[in-house]
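Everything in the sequence shown is counted per full-length UniProt numbering, starting at 1 for the first residue and increasing by one. Backbone N, C-alpha and C fix where the C-beta goes; we use that ideal spot for every residue, glycine too. Before any comments, here is the structure.
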Amino acid sequence: MTTSAPARVTRHHGPEHLRLSEQPLFRRFWYAVSFASAVSDRPIARTLLGTRVVVWRATPDSAVSVALDRCAHRDAPLSKGWIENCHLVCPYHGWEWDRNGETQRIPQFPVAPHPTKSGLTMVSSQERYGMVWVCLAGADEGGPLADIPPIPEFDAEGWRVVPEAEWHFDCSAAHLLENNFDGGHVAFVHANTFGDRSKPELTETEVTRTAYGLQTYGEVPVDARPGESGATVRRSLSRLYLPFFGHISITYPDGLVHIMIKAITPIDDEHCQLTQTVLRNDGESDRPAADILAFDERVETEDRDLLESLPKEYPLAPHLNAHAKADRNSLAIRRLWSDFVTGEFRPAPENS
Ligand code: FES
Ligand SMILES: [Fe+2]
1 MTTSAPARVT RHHGPEHLRL SEQPLFRRFW YAVSFASAVS DRPIARTLLG TRVVVWRATP
61 DSAVSVALDR CAHRDAPLSK GWIENCHLVC PYHGWEWDRN GETQRIPQFP VAPHPTKSGL
121 TMVSSQERYG MVWVCLAGAD EGGPLADIPP IPEFDAEGWR VVPEAEWHFD CSAAHLLENN
181 FDGGHVAFVH ANTFGDRSKP ELTETEVTRT AYGLQTYGEV PVDARPGESG ATVRRSLSRL
241 YLPFFGHISI TYPDGLVHIM IKAITPIDDE HCQLTQTVLR NDGESDRPAA DILAFDERVE
301 TEDRDLLESL PKEYPLAPHL NAHAKADRNS LAIRRLWSDF VTGEFRPAPE NS
């Protein structure tokens, strides 16, 4: 594994803070907005980068459809509507559309021609890895800059998938992502779960810029892994796929691998959603899925309490904070985002 150059804390060309609403390029990524299993023939609302969308299936078995959550007629939220005869129905005057957003019925005068612009504004969507992914940028904006981040273990033999939860945080997506790559907070924020205030020391991490973002590698001795006893060592390989997706793989000496998929989606500049999935190469009898989820619920609550108390703006410029040796990951992440917004870095389209 390559060791990157020491952190350069003086060079900074980008904006002082990361404001996603001022950076249309963030619309050009795929973001998870929901678990696929949570979408049925009952429309739901999600917000992505300040844009509200409606997500539904025309039948329980059909592919997911996503459109702007605003009726062209009188602006009613379509997510308050329902599905009837495989059509999405607006709750205000009952106009109906098919799964592709084509107008199918205007009930007040059903045989009259449909006005132009009566169709839905559809948004690109895909189902992959048990999640619904949405990209707001249409062809006129250049479409997605990168593919959905890969999760090779998802369909691979020997792995079980534990879809955990959709958690909401009143903090920026950047703060939440940084927190997941910041080993220094564990001893303190997570003192009641897997941290130990008397053992805050860290080992060195190796940070490497990649085609998709960056990766970090580190080894941390721990007293025990969650739910067990006995000292062991966590070897963590954490990958950040631009802009806010984390693939965090923890390997223990006995061969157990615990992977956390952190699909972080910016709702707007000050709110985000984490759709989290765990993958492990052991079995349900080794550690029940319900226990894994219960533990992670506690961990996320600890992070949420702290993160929601931070200032809402995420600082990009190094001079806005003090940085110590333990902040190597955070500095590399801030530099990555800074290089992205200034055009100095673009991810490879295949996220390889
Ligand atoms: S506002 Fe949707 S049908 Fe009138
Ligand atoms: Fe944390």
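Taking the Cα of K325 as reference, the smallest distance to any Cα among T210, I44, M260, T205 is reached at T205. The three-state reading of DSSP puts K117 in coil, since its state is none of H, G, I, E or B. The C-alpha of T59 is placed about 36 angstroms away from the C-alpha of A174. Counting other Cβ atoms within 10 Å of its Cβ, E22 stays below 16 and is therefore classed as exposed. S249 has its alpha-carbon roughly 14 angstroms from the corresponding atom of A263.
DSSP places W56 inside the beta strand (DSSP E), whose first and last residues are 51-57. Between the segment 109-121 and the segment 14-31 there are fewer than three inter-stretch CB-CB distances shorter than 8 angstroms, so the stretches are not counted as touching. With respect to the 9 angstroms criterion, L240 and L214 are classified as neighbours on the basis of their beta carbons. In the three-state scheme derived from DSSP, where H, G and I count as helix and E and B as strand, I250 is classed as strand. Note that the segment 187-199 touches the segment 299-306; at least 3 beta-carbon pairs, one per stretch, sit closer than 8 angstroms. For I83, the uninterrupted beta strand (DSSP E) run begins and ends at 82-84, by DSSP. Its Cα nearest to that of D155, the residue L279 stands out among L279, E16, G343. When DSSP reads this structure, L88 sits in a beta bridge with I83, W97. One thing to note: F35 has its Cβ within 9 angstroms of the Cβ of V132.
Between the segment 82-92 and the segment 53-67 there are three or more C-beta pairs closer than 8 angstroms, enough to call the two in contact.
Relative to A38, the option among G130, L310, G14, I333 whose CA is nearest is G130.
For F35, the enclosing beta strand (DSSP E) has its first and last residue at 31-35.
The straight-line gap separating the alpha-carbon atoms of S229 and G195 is approximately 14 angstroms. In the assembly as shown, Q108 is an exposed residue. Its beta-carbon has fewer than 16 other beta-carbons within 10 Å. When the five nearest sequence neighbours on each side are left out, the beta carbons in the same chain lying within less than 7 angstroms of the beta carbon of H17 are those of E313, Y314, P315, L316, in order along the chain. Assigned with DSSP and collapsed to three states, K312 falls in coil, not helix or strand. L136 and A224 have their C-alpha atoms spaced approximately 43 angstroms apart. Burial check for D170: the Cβ neighbour count within 10 Å stays below 16, so the residue is exposed. Ranked by Cα distance from V33, the options E166, F295, D268, F345 are led by E166. Looking from the CA of A348, the closest CA among E178, L242, G94 belongs to L242. Look at V186: its beta carbon is less than 8 angstroms from one of the heavy atoms in ligand 2.
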